[in-house]
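The sequence shown: position 2 = 2 (full-length UniProt numbering), numbered continuously.
Ideal Cβ positions, reconstructed from N, Cα and C, are used throughout, including at glycine.
One structure is given here, and the rest of the page talks about it.
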Amino acid sequence: MSTFDTNTTQASALQHLAFFVDSWKAHGTFFATPTSSQKTIEMNIHGTQDLENNWLILRTEEIPTPENPHPLSAIYIWGYDLTSRQFIASWFDSHGGRATQTSSGWDGDQLVFLVHSDERS
């Protein structure tokens, strides 16, 4: 796991997420949830650091395909909480979904965020 001490700032912690500051195309599977079924997806992803490098903004845009005729768009806002010493995330999607999440950081080559709420407007 990533470890941070009392000298860690939000901006310095986000350097551990620099991998996501880029643009790329991806394809894969969106797994079933209580509110949606599993589907094959293709998407464009764009990540930038913002607000004096204290926040990472990721925007995802699914591409319409015959398997995914109603693509989803989402905005993810990632940061670092100095009190809990965890990464924090909020996301909002084009279907009205939103959630808050936390992560202890990288564990080898995996970054796992735990969902704390999932609500539909």
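Check: Is the beta carbon of residue 57 sitting closer than 8 Å to the one on residue 50?; Outcome: yes
Check: Where does residue 11 sit, in a helix, a strand or coil, going by DSSP?; Outcome: helix
Check: Would DSSP call residue 56 helix, strand or coil?; Outcome: strand
Check: Have a look at residue 39 and residue 99 and give me their C-alpha separation to the nearest angstrom.; Outcome: 20 Å
Check: Just to confirm my understanding: we take residue 86, look at its own chain, exclude 5 residues before and 5 after, and list those with CB closer than 8 Å. What are they?; Outcome: 80, 102, 103, 104, 105
Check: Output the distance between the C-alpha atoms of residue 36 and residue 28, rounded to the nearest integer angstrom.; Outcome: 16 Å
Check: Roughly how many angstroms separate the alpha carbons of residue 115 and residue 91, rounded to a whole number?; Outcome: 10 Å
Check: Taking the CB atoms as reference points, tell me whether residue 53 and residue 11 lie closer together than 8 Å.; Outcome: yes
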